Each structure stands twice: as C-alpha cells, then as structure tokens.
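All the letters of the sequence shown, read from the start, carry residue numbers 53 to 182 under my numbering.
Written below as structure tokens is the structure these notes are about.
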Amino acid sequence: MRTIEIDFEVYKALMLRRKSEEVSFNDVLRDLLNLSPSTSFKSPVKIERTDRPWMSRGVKFPHGTEFRSTYNGIEYTGQVNNGALVVEGERFDSSSEAAFFITGDEVDGWYFWECKMPGTDSWKGINSFR
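Here is the structure:
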C-alpha cells in the first residue's frame, strides 16, 4: 500500500467527488487524470490525517506549530506537519537541518527558530522549551 500526503482542502475536494462509499479515492483520481477504470486494483490507498507532533530532543511540538526566523532581512516560515518540521516545502528531522537549508551554514537551530504553538498568540524561541 502506498500513502500520499494531501492537505485538507484536497481531501475535502476528493470527498465531494465520491458519489458513494463504493467509489474509492483511486477511482476519483483516475477520473480526474483521465485514466481508464482500473481492473487490477486490489486494495485502495488509504488517505489519512495523522496530525502527529514533531519530537526533537525530547521536546514535543504539536502538529500545526508555526516556525519563523529572519535571515539576511528575509523572514522564513515553517510548520509542524505530521511529525516533521516543514520549511519551504522540505521536511526536516531537526531544527538545525532546517536552519542549514536557509543559511547554507552550520547553525544551532534551537537559537535560529522561534515558534508559535497552536491556540497561542505569542512567539517564543524554541530553545526556551528545552
């Protein structure tokens, strides 16, 4: 079984195109891509939202936590998405990897990024959570 990641709007659009429970997501996508109906498709691809937090060095950042940093006068943003920090469409396992992606230099991501947890209005340096 293969899994694809989609955002909530795409999920809603796919759901609306299903005429009944018997119509699979695969059927909807094949129709949208102008492919003939599959006769050999054995099991549907399950599309699910897991909303997993991102864990880094024992600190849990909930799904949806926003990240930001300003580098050379440009603000860069990211977000926790299903178990990873996503910046500029790239998934990272560590804040330092994400900082390196922006700067091209070895940077301590714990001091590079600040975050805003879901349901809050304030930004805090992520090093304050260690």
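Beta carbons are placed, not taken as given, at the ideal position from N, Cα and C, and that holds for glycine.
In this text the structure is predicted, and so the values were computed from the model without any measurement.
Starting from the C-beta of L137, find all residues in its chain whose C-beta is less than 6 Å away, skip the five residues before and the five after it, and write them out in chain order. W106, G130, F144, A150
> So which of D173, F164, P170 has the shortest CA-CA distance to S180?
Replying inline: F164
Check your understanding: Less than 8 Å separating the beta-carbons of G135 and R104?
Key -> yes
- request: Reducing DSSP to helix, strand and coil, say where G161 ends up.
  value: helix
S108, DSSP secondary structure in three states: strand
(Q) Using 8 Å as the threshold, is the C-beta distance between C167 and T117 below it? (A) yes
request  = Apply the 10 Å Cβ neighbour rule to F60 and answer buried if 16 or more other Cβ atoms are within range, or exposed otherwise.
outcome  = exposed
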